[in-house]
Amino acid sequence: MKPCAMARAVSFVFLALGVVVMVAADSVIDELEKNGLPVGLLPSSVQSYSIGAKGDFSVSLEAPCYAKIEDQPAYYSKHITGKLKYGSISNLSGIQTKQLFVWLPVTGIYVDIPATPYIYFEVGVLTKRLSIAIFETPPRCSSHGVDTGIHVPNLAEFMTSRPRKAIQ
Numbered sequence: 012m013k014p015c016a017m018a019r020a021v022s023f024v025f026l027a028l029g030v031v032v033m034v035a036a037d038s039v040i041d042e043l044e045k046n047g048l049p050v051g052l053l054p055s056s057v058q059s060y061s062i063g064a065k066g067d068f069s070v071s072l073e074a075p076c077y078a079k080i081e082d083q084p085a086y087y088s089k090h091i092t093g094k095l096k097y098g099s100i101s102n103l104s105g106i107q108t109k110q111l112f113v114w115l116p117v118t119g120i121y122v123d124i125p126a127t128p129y130i131y132f133e134v135g136v137l138t139k140r141l142s143i144a145i146f147e148t149p150p151r152c153s154s155h156g157v158d159t160g161i162h163v164p165n166l167a168e169f170m171t172s173r174p175r176k177a178i179q
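First residue of the sequence shown? That's 12 in our numbering, and the numbers climb one at a time after it.
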């Protein structure tokens with residue numbers, strides 16, 4: 012068997028068995044576009060991602076980070092998982108948004124088919140509708156919280172902060 016034919020045969024066997032395929036970070040944008048989703052759903056700090064034959068995926072970022080999406084703080088964990096199919100991501104974990112004073116998980120994302128100018132985020136028991144144009148480019152991410160004038164400390168900063176006097 013020729014080497015090229017052998018490589019195709021091996022690839023087919025892996026896909027038929029549902030083996031997860033590791034893909035370069037640059038092509039995560041292609042994967043989102045191929046599935047009818049905007050490229051700005053994930054920050055540009057994606058290191059790698061893997062996707063299975065049934066759409067189960069895992070994304071690894073360089074580090075957890077915060078972004079601001081239409082004046083709402085968002086948090087991206089270092090590892091994000093979910094199930095990708097055309098027009099939607101379900102069983103999502105690793106992304107949170109701050110609503111009022113509470114961080115809530117984003118559990119799903121979907122767009123209308125046929126396409127409309129909106130994208131929908133399932134946040135807790137609510138569904139939030141935003142303009143899809145907001146997600147034309149990946150959000151700018153920071154490890155130190157979003158630029159809202161409020162610093163969001165991480166646990167390490169909290170544990171190493173200077174001790175406070177006890178109230179007597």
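Think of the CB as a built atom: it goes at the ideal place given N, C-alpha and C, for glycine as much as any other residue.
According to DSSP, is K109 part of a helix, a strand, or is it coil? Mapped onto the sequence shown, residue 109 falls at position 98. It is a strand residue.
Take I80 and list the residues in its own chain whose beta-carbon comes closer than 7 Å to its own, dropping the five residues that flank it on each side. What you label residue 80 is simply residue 69 of the sequence shown in a count that begins at 1. Non-local beta-carbon contacts of I80 in its own chain, meaning distances under 7 Å to residues more than five positions away in sequence, involve I145 and P150 in chain order.
Would you identify the three-state DSSP class for G98, choosing helix, strand or coil? Counting from one through the sequence shown, the residue named residue 98 turns up at place 87. Taken through DSSP and simplified to helix, strand or coil, G98 comes out as coil.
Compare the beta carbon distance of S69 and T92 with 8 Å and say whether it is the shorter of the two. As a working note, residue 69 is residue 58 in the sequence shown. As a working note, residue 92 is residue 81 in the sequence shown. When the beta-carbon positions are compared, S69 and T92 come within less than 8 Å of each other.
From L137 to Q110, what distance separates their C-alpha atoms? Numbered from its first residue, the sequence shown carries residue 137 at position 126. Numbered from its first residue, the sequence shown carries residue 110 at position 99. The alpha-carbon separation between L137 and Q110 amounts to approximately 11 Å.
Could you check the C-alpha separation between G119 and A85 for me, to the nearest Å? One-based indexing of the sequence shown puts residue 119 at position 108. One-based indexing of the sequence shown puts residue 85 at position 74. When the Cα atoms are used, G119 and A85 turn out to be separated by approximately 14 Å.
A126 to I100, Cα distance in whole Å? Looking up residue 126 in the sequence shown gives position 115. Looking up residue 100 in the sequence shown gives position 89. Going from the Cα of A126 to the Cα of I100 covers about 16 Å.
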